[in-house]
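Colleague: Following this message is one structure expressed as C-alpha coordinates.
Residue numbers (the numbering used here): 843 to 998.
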(Lines of atoms letter the chains of each structure in order from A and count residues from 1; the text may use other names and numbers.)
(Lines give C-alpha, C1' and ligand atoms only; values in the text may rest on other atoms or scores of the structure.)
Protein backbone atom coordinates (compact mmCIF):
# COMPACT_ATOMS: atom_id res chain seq x y z
CA UNK A 1 0.00 0.00 0.00
CA UNK A 2 1.46 3.37 -0.99
CA UNK A 3 1.19 6.53 1.02
CA UNK A 4 -1.16 9.08 -0.47
CA UNK A 5 -0.65 12.69 0.49
CA UNK A 6 -3.85 14.45 1.38
CA UNK A 7 -4.45 17.87 -0.13
CA UNK A 8 -5.94 18.88 3.24
CA UNK A 9 -3.87 19.80 6.26
CA UNK A 10 -6.87 20.97 8.27
CA UNK A 11 -10.59 20.41 7.97
CA UNK A 12 -12.91 21.51 10.78
CA UNK A 13 -16.50 22.69 11.13
CA UNK A 14 -18.54 23.79 14.13
CA UNK A 15 -21.97 25.28 14.79
CA UNK A 16 -22.24 27.96 17.49
CA UNK A 17 -25.37 29.41 19.13
CA UNK A 18 -26.12 32.86 17.75
CA UNK A 19 -25.39 34.88 20.87
CA UNK A 20 -22.69 37.48 21.43
CA UNK A 21 -20.87 35.43 24.08
CA UNK A 22 -20.23 32.74 21.47
CA UNK A 23 -18.10 35.09 19.36
CA UNK A 24 -15.33 34.62 21.92
CA UNK A 25 -15.80 30.84 21.83
CA UNK A 26 -15.61 30.84 18.03
CA UNK A 27 -12.46 32.96 18.13
CA UNK A 28 -10.80 30.61 20.64
CA UNK A 29 -11.81 27.56 18.58
CA UNK A 30 -10.30 29.12 15.45
CA UNK A 31 -7.13 30.13 17.36
CA UNK A 32 -6.64 26.56 18.55
CA UNK A 33 -7.01 25.17 15.03
CA UNK A 34 -4.69 27.63 13.28
CA UNK A 35 -1.95 27.94 15.90
CA UNK A 36 0.50 25.98 13.72
CA UNK A 37 0.00 28.46 10.87
CA UNK A 38 2.07 31.15 12.60
CA UNK A 39 2.22 33.54 9.67
CA UNK A 40 -1.58 33.93 9.36
CA UNK A 41 -3.01 32.73 12.69
CA UNK A 42 -3.73 36.19 14.10
CA UNK A 43 -5.28 37.38 10.84
CA UNK A 44 -7.56 34.33 10.58
CA UNK A 45 -8.69 34.81 14.17
CA UNK A 46 -9.51 38.51 13.69
CA UNK A 47 -11.41 37.93 10.44
CA UNK A 48 -13.36 34.99 11.89
CA UNK A 49 -14.39 37.17 14.82
CA UNK A 50 -15.47 39.97 12.49
CA UNK A 51 -17.51 37.68 10.23
CA UNK A 52 -19.14 36.05 13.26
CA UNK A 53 -20.06 39.44 14.76
CA UNK A 54 -21.50 40.57 11.43
CA UNK A 55 -23.63 37.42 11.21
CA UNK A 56 -25.09 38.21 14.63
CA UNK A 57 -25.58 41.90 13.95
CA UNK A 58 -26.94 41.78 10.41
CA UNK A 59 -28.75 38.43 9.91
CA UNK A 60 -31.23 36.06 11.53
CA UNK A 61 -28.28 34.34 13.21
CA UNK A 62 -28.48 36.95 15.99
CA UNK A 63 -32.19 36.38 16.65
CA UNK A 64 -33.48 33.91 19.27
CA UNK A 65 -32.62 30.37 18.21
CA UNK A 66 -30.12 31.58 15.60
CA UNK A 67 -26.83 29.90 14.89
CA UNK A 68 -23.55 30.66 13.17
CA UNK A 69 -21.51 27.94 11.46
CA UNK A 70 -17.74 28.28 11.16
CA UNK A 71 -15.54 26.15 8.94
CA UNK A 72 -11.81 26.03 8.28
CA UNK A 73 -9.99 24.16 5.55
CA UNK A 74 -6.21 24.17 5.22
CA UNK A 75 -4.77 23.02 1.92
CA UNK A 76 -1.31 21.54 1.48
CA UNK A 77 -0.84 24.11 -1.29
CA UNK A 78 -0.59 26.81 1.38
CA UNK A 79 -4.09 28.27 1.57
CA UNK A 80 -6.34 28.50 4.61
CA UNK A 81 -10.01 28.91 3.76
CA UNK A 82 -12.38 30.34 6.39
CA UNK A 83 -16.17 30.21 6.09
CA UNK A 84 -18.81 31.73 8.34
CA UNK A 85 -22.37 30.75 7.46
CA UNK A 86 -25.27 32.82 8.74
CA UNK A 87 -29.02 32.13 8.90
CA UNK A 88 -29.89 34.62 6.18
CA UNK A 89 -32.49 37.39 6.11
CA UNK A 90 -29.77 40.03 6.10
CA UNK A 91 -30.79 43.46 7.29
CA UNK A 92 -27.91 45.16 5.47
CA UNK A 93 -25.73 44.43 2.47
CA UNK A 94 -22.16 43.29 3.16
CA UNK A 95 -19.81 45.65 1.41
CA UNK A 96 -16.40 47.03 2.01
CA UNK A 97 -16.58 50.76 2.67
CA UNK A 98 -13.69 53.15 2.62
CA UNK A 99 -12.17 53.73 6.02
CA UNK A 100 -13.45 56.83 7.76
CA UNK A 101 -11.82 57.47 11.16
CA UNK A 102 -14.71 59.78 12.08
CA UNK A 103 -17.36 57.06 11.58
CA UNK A 104 -17.81 54.54 14.38
CA UNK A 105 -17.84 50.92 13.25
CA UNK A 106 -17.89 49.77 9.68
CA UNK A 107 -14.19 48.88 9.58
CA UNK A 108 -14.51 45.10 9.86
CA UNK A 109 -14.66 44.27 6.18
CA UNK A 110 -11.83 46.73 5.51
CA UNK A 111 -9.80 44.71 8.01
CA UNK A 112 -10.85 41.46 6.34
CA UNK A 113 -9.69 42.80 2.98
CA UNK A 114 -6.34 43.91 4.39
CA UNK A 115 -5.66 40.78 6.45
CA UNK A 116 -6.74 38.16 3.90
CA UNK A 117 -5.73 37.35 0.36
CA UNK A 118 -9.38 37.75 -0.62
CA UNK A 119 -12.87 37.59 0.82
CA UNK A 120 -16.42 37.39 -0.43
CA UNK A 121 -19.98 36.49 0.29
CA UNK A 122 -22.08 33.97 -1.63
CA UNK A 123 -25.45 32.29 -1.13
CA UNK A 124 -25.03 29.06 0.84
CA UNK A 125 -27.19 27.28 -1.73
CA UNK A 126 -25.24 28.46 -4.78
CA UNK A 127 -24.27 25.62 -7.09
CA UNK A 128 -22.61 26.98 -10.22
CA UNK A 129 -21.78 23.45 -11.47
CA UNK A 130 -25.33 22.22 -12.03
CA UNK A 131 -26.63 24.83 -14.46
CA UNK A 132 -29.44 25.85 -12.11
CA UNK A 133 -30.14 29.45 -11.23
CA UNK A 134 -27.51 30.57 -8.77
CA UNK A 135 -28.98 33.37 -6.71
CA UNK A 136 -26.95 36.51 -6.31
CA UNK A 137 -26.55 38.17 -2.94
CA UNK A 138 -28.85 40.96 -4.16
CA UNK A 139 -31.92 38.75 -4.75
CA UNK A 140 -31.35 36.10 -2.12
CA UNK A 141 -32.49 36.16 1.50
CA UNK A 142 -31.33 32.71 2.64
CA UNK A 143 -28.17 31.67 4.44
CA UNK A 144 -24.97 33.24 3.18
CA UNK A 145 -21.36 32.09 3.30
CA UNK A 146 -18.86 34.81 4.08
CA UNK A 147 -15.41 33.47 3.22
CA UNK A 148 -11.79 34.54 3.28
CA UNK A 149 -8.58 33.01 1.96
CA UNK A 150 -5.23 33.32 3.66
CA UNK A 151 -1.94 32.34 2.01
CA UNK A 152 0.44 30.62 4.39
CA UNK A 153 3.99 29.35 4.13
CA UNK A 154 3.30 26.64 6.70
CA UNK A 155 2.80 23.16 5.26
CA UNK A 156 1.93 20.33 7.65
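Where is the CB? At the ideal position from N, CA and C, for every residue including glycine.
Would you decide whether residue 837 is buried or exposed? Buried here means 16 or more other CB atoms lie within 10 Å of its CB.
Modeller: Any answer about residue 837 is impossible in this case: the structure gives the chain only from 843 up to 998.
Colleague: State the Cα-Cα distance for the pair residue 987 and residue 926, rounded to the nearest angstrom.
Modeller: 6 Å
Colleague: Distance, Cα to Cα, residue 882 vs residue 870?
Modeller: Distance between the alpha carbons of residue 882 and residue 870 is about 15 Å.
Colleague: List the endpoints of the continuous beta strand (DSSP E) containing residue 967.
Modeller: Taken as a continuous stretch (DSSP letters only), residue 967 belongs to no beta strand (DSSP E), as it is neither H nor E.
Colleague: Give the range of the alpha helix (DSSP H) segment to which residue 988 is assigned.
Modeller: Where residue 988 is concerned, there is no enclosing alpha helix (DSSP H), although the beta strand (DSSP E) it sits in stretches over 986–993.
Colleague: Terminal residues of the continuous beta strand (DSSP E) containing residue 911?
Modeller: 909–917
Colleague: Between which two residues does the alpha helix (DSSP H) holding residue 872 run?
Modeller: 863–876
Colleague: Under a three-way DSSP split, which group does residue 890 fall into?
Modeller: In the structure shown, residue 890 sits in a helix (DSSP, three-state: H, G or I).
Colleague: When the distance is taken between beta carbons, is residue 909 closer than 7 Å to residue 860?
Modeller: For residue 860 and residue 909, yes; Cβs fall inside 7 Å.
Colleague: Closest by CA to residue 914, which one among 893, 953, 852?
Modeller: 852
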